[in-house]
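**Q** Take the position in the sequence shown, starting the count at 1, then add 36; the result is the number in this note's numbering. Just so you know, even glycine gets a beta-carbon here, dropped at the ideal spot from N, CA and C. Fair warning: this is a prediction, and the values are worked out from it, not measured in the lab.
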Amino acid sequence: MLRPGAPSLPGSLSAPLTLEAIESVVVWLLWLVVGLLTLALLFNALRTRARSHAAILAQLRSTSERPLRPVIPIHRQSPPSLVVVSPKPPSDAEANGRAAAIEQWPAAPTAGASDVPIRAGVSVLGPLTIAGAKRSRRGLRAAALELIAYLALNHRQVQRDELLEAFWPGLDPRRTRTRLHQAVRDARRLLGDAIASERDRYWVDRDAIDIDLDQLERLLAEARAAKDDNVGQRLLEQALALFTDEPLAGSDYPWAEGELRRLRATQVELLERVGRNLLARGEPRRALELAERALTLDGLNEGLWRLALEAESALGLREAVDERYERLREQLGERLGLEPDRETRALHRQLLAQA
37 MLRPGAPSLP GSLSAPLTLE AIESVVVWLL WLVVGLLTLA LLFNALRTRA
87 RSHAAILAQL RSTSERPLRP VIPIHRQSPP SLVVVSPKPP SDAEANGRAA
137 AIEQWPAAPT AGASDVPIRA GVSVLGPLTI AGAKRSRRGL RAAALELIAY
187 LALNHRQVQR DELLEAFWPG LDPRRTRTRL HQAVRDARRL LGDAIASERD
237 RYWVDRDAID IDLDQLERLL AEARAAKDDN VGQRLLEQAL ALFTDEPLAG
287 SDYPWAEGEL RRLRATQVEL LERVGRNLLA RGEPRRALEL AERALTLDGL
337 NEGLWRLALE AESALGLREA VDERYERLRE QLGERLGLEP DRETRALHRQ
387 LLAQA
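Shown next as structure tokens:
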């Protein structure tokens with residue numbers, strides 16, 4: 037930057053300032069201010085650069101002093117075949133007969149069998165579970181799972197309007213049809229052509245996939261037709277083992293209430309029948325476990341209370357028999373204002389007399 041010349045000032049204080057002298061003084065002062073600002077900016081830049089270099093050196097020094105950490109490779113796992121999983125470890129009583137009950141259920145692929153197609157399966161006798169799905173559930177809408185559950189519980193072709201009213205009651209069908217079409221597409225991503233349709237009707241091709249509800253009905257029919265008691269008991273235990281929890285546990289489908297009540301009643305009946313047979317065969321501990329399990333589903337069923345009382349008596353638990361009977365009396369009195377029925381009272385007296 038060129039420095040201006042010194043301003044030309046008058047020789048004495050009494051001499052008047054000329055316009056030229058004033059302009060030269062102003063120019064000189066402006067030059068001085070600009071020069072000072074330039075120096076300040078240069079100084080600030082140099083100081084910032086020095087700090088940056090010092091920070092980099094300190095970071096390099098600390099890095100060189102630290103030991104290197106080993107790099108752990110990340111292995112991506114393949115997506116699971118189960119779409120909806122709510123695992124619950126089975127008790128010893130539930131495990132008995134489970135292996136036989138799932139012989140027809142889709143098995144996981146074994147080594148060397150990757151070229152064998154896996155048969156898909158849908159389970160509704162517990163949390164809604166889909167095995168052997170074609171694709172992952174990632175990005176899947178909840179309506180697709182609800183559609184699969186609805187069709188699995190119904191052994192018929194279901195009209196579109198019925199599905200719209202069940203899933204979106206009271207909403208404009210012109211808007212919910214699009215949701216249903218998307219749910220059908222998503223369901224087919226999982227089960228392929230097993231989700232069948234024709235015009236405005238939808239159903240599950242039960243020849244293409246396994247549904248535990250169908251297997252339950254087959255086992256119950258075979259048990260009714262069995263002429264050998266041991267064969268019948270084995271079939272009933274296999275049917276009971278299909279129930280991994282309450283039907284559709286963890287789901288909230290208002291349209292399913294009626295069917296779920298029927299399935300829970302079937303589950304309770306199976307628990308009592310299998311428990312009675314176990315008690316008759318001299319296995320009171322297993323019978324007691326099944327009675328307790330059934331009472332969690334139907335706490336006012338006196339037939340289940342009687343089974344538990346008999347099992348405890350067979351185990352020599354006299355005090356437990358008395359305590360259980362008193363609990364039954366309290367529950368019936370508080371909830372229904374009733375006493376145990378005649379059969380239960382007679383059984384209680386009989387068990388106390390035997391003890």
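Starting from residue 15, trace the beta strand (DSSP E) both ways and give me its first and last residue.
**A** Shown here, the chain extends from 37 to 391; a query on residue 15 therefore has no answer.
**Q** Alpha helix (DSSP H) containing residue 287: first to last residue?
**A** Looking up residue 287 in the sequence shown gives position 251. No alpha helix (DSSP H) contains residue 287, which DSSP labels as neither H nor E.
**Q** Taking the straight line between their C-alpha atoms, what separation do you get for residue 185 and residue 164?
**A** Translated into positions along the sequence shown, residue 185 becomes position 149. Translated into positions along the sequence shown, residue 164 becomes position 128. Cα to Cα, the separation comes out at about 7 Å.
**Q** Shortest alpha-carbon distance to residue 265 belongs to which of 334, 296, 313?
**A** Taking the sequence shown and counting its residues from 1, the one referred to as residue 265 is at position 229. It is 313.
**Q** When you measure from the CB of residue 248 to every non-hydrogen atom of the ligand GDP, does any distance come out below 7 Å?
**A** In the structure shown, the ligand GDP is absent, as is every other ligand, since no ligand is present at all.
**Q** Where does residue 200 land, buried or exposed, given buried means 16+ other C-beta within 10 angstroms?
**A** Working through the sequence shown from its first residue, we reach residue 200 at position 164. The residue in question, residue 200, is buried, as its Cβ has 16 or more Cβ neighbours within 10 Å.
**Q** If we require 4 or more residues per run, which alpha helix (DSSP H) segments fall completely within the stretch 242-287?
**A** Segments of the alpha helix (DSSP H) lying fully in the stretch 242-287: 248-261, 265-277.
**Q** Flag this pair as yes or no: are the beta carbons of residue 226 and residue 276 separated by less than 8 Å?
**A** Here residue 226 corresponds to residue number 190 of the sequence shown, with the count starting at 1. Here residue 276 corresponds to residue number 240 of the sequence shown, with the count starting at 1. For residue 226 and residue 276, no; Cβs fall outside 8 Å.
**Q** Report all residues from its chain with a CB closer than 7 Å to the CB of residue 255; omit the five preceding and five following residues, and keep chain order.
**A** Sequence index remark: in the sequence shown, residue 255 carries index 219 (1-based). The residues are 271, 274, 275.
**Q** I need the straight-line Cα distance from residue 350 to residue 282, nearest angstrom please.
**A** Start at 1 with the first residue of the sequence shown, and residue 350 comes out as number 314. Start at 1 with the first residue of the sequence shown, and residue 282 comes out as number 246. So the alpha carbons of these two residues sit roughly 29 Å apart.
**Q** Note down, in chain order, each residue of its chain lying with its Cβ closer than 7 Å to the Cβ of residue 219, except the 5 sequence neighbours on either side.
**A** For this step, residue 219 is matched to residue 183 along the sequence shown. Hits under 7 Å: 177, 179, 180, 183.
**Q** Thinking C-beta only, is residue 332 closer than 8 Å to residue 161?
**A** Here residue 161 is taken as the residue at index 125 of the sequence shown, counted from 1. Here residue 332 is taken as the residue at index 296 of the sequence shown, counted from 1. Not a contact, by the Cβ cut-off of 8 Å.
**Q** With H, G and I counted as helix, E and B as strand and the rest as coil, what does DSSP make of residue 319?
**A** Sequence index remark: in the sequence shown, residue 319 carries index 283 (1-based). Coil at residue 319, not helix or strand.
**Q** Using DSSP bridges, identify the partner residues of residue 237.
**A** As a first step, residue 237 is located in the sequence shown; it is residue number 201 there, counting from the start. Residue 237 is bridged to 195, 234.
**Q** Could you check what DSSP says for residue 119 in three-state terms: helix, strand or coil?
**A** As a position in the sequence shown, residue 119 is number 83, starting the count at 1. With a pLDDT of 43 at residue 119, under the threshold of 50, the predicted position of this residue should be treated as unreliable, though the coordinate-derived value follows. If DSSP states are grouped into helix, strand and coil, residue 119 belongs with coil.
**Q** Residues bridged to residue 159 by DSSP?
**A** Counting from 1 along the sequence shown, the entry for residue 159 is found at position 123. In the DSSP output, where bridge partners are listed per residue, residue 159 has 165.
**Q** Nearest by alpha-carbon distance to residue 371: which of 209, 337, 155 is it?
**A** Position 335 of the sequence shown, counting from 1, holds the residue named residue 371. Nearest option by C-alpha distance: 337.
**Q** Determine the DSSP secondary structure at residue 107, reduced to helix, strand or coil.
**A** Position 71 of the sequence shown, counting from 1, holds the residue named residue 107. Reliability fails at residue 107, whose pLDDT of 33 lies under 50, so the model's placement of it is uncertain and the value that follows must be treated cautiously. In this structure, residue 107 counts as coil in the three-state DSSP scheme.
**Q** So does the stretch 288-304 actually touch the stretch 315-328, counting three or more Cβ pairs closer than 8 Å?
**A** Counting Cβ pairs under 8 Å, fewer than three are found: no touch.
**Q** Does DSSP classify residue 398 as helix, strand or coil?
**A** This structure cannot settle anything about residue 398, because the visible part of the chain is limited to 37 through 391.
**Q** Have a look at 353, 251, 238, 295 and flag the residue whose alpha-carbon is nearest the alpha-carbon of residue 390.
**A** In the sequence shown, counting from the first residue as 1, residue 390 sits at position 354. Of 353, 251, 238, 295, the residue nearest in Cα terms is 353.
**Q** Roughly how many whole angstroms lie between the Cα atoms of residue 311 and residue 230?
**A** Position 275 of the sequence shown holds residue 311. Position 194 of the sequence shown holds residue 230. Straight-line Cα distance between these residues: approximately 37 Å.
**Q** Taking buried to mean at least 16 other C-beta atoms within 10 Å of its own C-beta, is residue 212 buried or exposed?
**A** The count along the sequence shown starts at 1 and reaches residue 212 at position 176. Residue 212 should be labelled buried.
**Q** Just to confirm before moving on: does the CB-CB distance between residue 335 and residue 367 stay below 8 Å?
**A** Counted from its first residue, the sequence shown places residue 335 at position 299. Counted from its first residue, the sequence shown places residue 367 at position 331. The answer is yes: Cβ separation under 8 Å.
**Q** Return the CA-CA distance between residue 260 and residue 343, expressed in angstroms with no decimal places.
**A** Taking the sequence shown and counting its residues from 1, one reaches residue 260 at position 224. Taking the sequence shown and counting its residues from 1, one reaches residue 343 at position 307. Their backbone Cα atoms lie some 22 Å apart in a straight line.
**Q** Considering Cα atoms alone, identify which of 357, 159, 228, 237 is closest to residue 197.
**A** Walking along the sequence shown from the start, residue 197 turns up at place 161. Closest option to residue 197, Cα to Cα, is 237.
**Q** Any idea if residue 309 is buried or exposed, counting beta-carbon neighbours within 10 angstroms, 16 or more meaning buried?
**A** As a first step, residue 309 is located in the sequence shown; it is residue number 273 there, counting from the start. Buried, because 16 or more other Cβ atoms sit within 10 Å of the Cβ of residue 309.
**Q** Using only the alpha-carbon positions, how far apart do residue 249 and residue 358 sit?
**A** Numbered from its first residue, the sequence shown carries residue 249 at position 213. Numbered from its first residue, the sequence shown carries residue 358 at position 322. Distance between the alpha carbons of residue 249 and residue 358: 39 Å.
**Q** Please identify the residue among 157, 167, 245, 194 whose C-alpha is closest to the C-alpha of residue 234.
**A** Against the sequence shown, residue 234 aligns to sequence position 198. Residue 194 is the option with its Cα nearest to residue 234.
**Q** On a CA-only basis, which of 268, 169, 204 is nearest residue 223? Give me that one, please.
**A** Position 187 of the sequence shown, counted from the first residue, corresponds to residue 223. Minimum Cα distance to residue 223 is reached at 169.
**Q** Indicate the three-state DSSP secondary structure (helix, strand or coil) for residue 341 in the structure shown.
**A** Reading the sequence shown from its first residue, position 305 is the one you call residue 341. In the structure shown, residue 341 sits in a helix (DSSP, three-state: H, G or I).
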